[in-house]
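Undergrad: Numbering (the UniProt record's numbering), first residue to last: 1 to 158.
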Ligand code: ADP
Ligand code: MG
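(1) Between residue 139 and residue 113, is the Cβ-Cβ spacing less than 8 Å?
(2) Considering residue 138, what are the terminal residues of the beta strand (DSSP E) in which it resides?
(3) Using alpha carbons as the reference points, say which of 52, 71 and 127 lies closest to residue 15.
(4) Taking one C-beta from the segment 36-54 and one from the segment 63-81 each time, how about it: are there three or more such pairs within less than 8 Å?
(5) On the premise that residue 72 lies in contact with residue 49, defined as a C-beta separation below 8 Å, what is that separation, rounded to the nearest angstrom?
(6) Straight-line CA distance for residue 9 to residue 129?
(7) Where does the unbroken alpha helix (DSSP H) through residue 42 begin, and where does it stop?
(8) Would the C-beta of residue 42 count as close to the ligand ADP, meaning under 7 Å from any of its heavy atoms?
(9) Could you check whether the Cβ of residue 60 sits closer than 7 Å to any heavy atom belonging to the ligand ADP?
(10) Does the segment 60-71 come close enough to the segment 17-37 to have 3 or more Cβ pairs within less than 8 Å?
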């Protein structure tokens, strides 16, 4: 399986990386984020939003499940499904996944059954202090190509 890893040593680096990734995104793209509390998922989304030209402040949508930001190059749908916990109920996520914007889902495994097959899975792992490991696992041709372009052409990979 294609997998790409990058280590960051401070939150700004994580944000900047996500900001650059945003340049490669198009309508209908879906990114999932996994990682413990404090790993850096929301930090990543903040960078992504900045890269899409979103000026509004991005905060964790924990209490609302979904927040949308429409003042950028593409709409950003930011979901945090932590509170849903293994729901089998169809909560209508498809509307966003197939929609006109970029969808980012924190704690996506809670809605595993409802995720599109093709997507970019990102795992953030705490290493120590301010060091994090980010692992990108693209699922499907579109995302493999995206990762190759991002990591190779942008020189992101080590
Ligand atoms: P999550 O959404 O995964 O719970 P947050 O992004 O809200 O995590 O919080 C991550 C915390 O870790 C922030 O306080 C951030 O400043 C800190 N941090 C330290 N080093 C890093 C790093 N390399 N990447 C991302 N966040 C980091
Ligand atoms: Mg968060």
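A virtual CB, placed ideally from N, CA and C, is assigned to each residue, including glycine.
TA: According to the structure shown:
(1) no
(2) 131-139 is the extent of the beta strand (DSSP E) around residue 138.
(3) The candidate whose alpha carbon is nearest that of residue 15 is 52.
(4) In short, these stretches touch, since the Cβ pair count reaches three.
(5) 7 Å
(6) Each residue's CA atom was taken as its position, placing residue 9 and residue 129 some 8 Å apart.
(7) 41-51
(8) yes
(9) yes
(10) no
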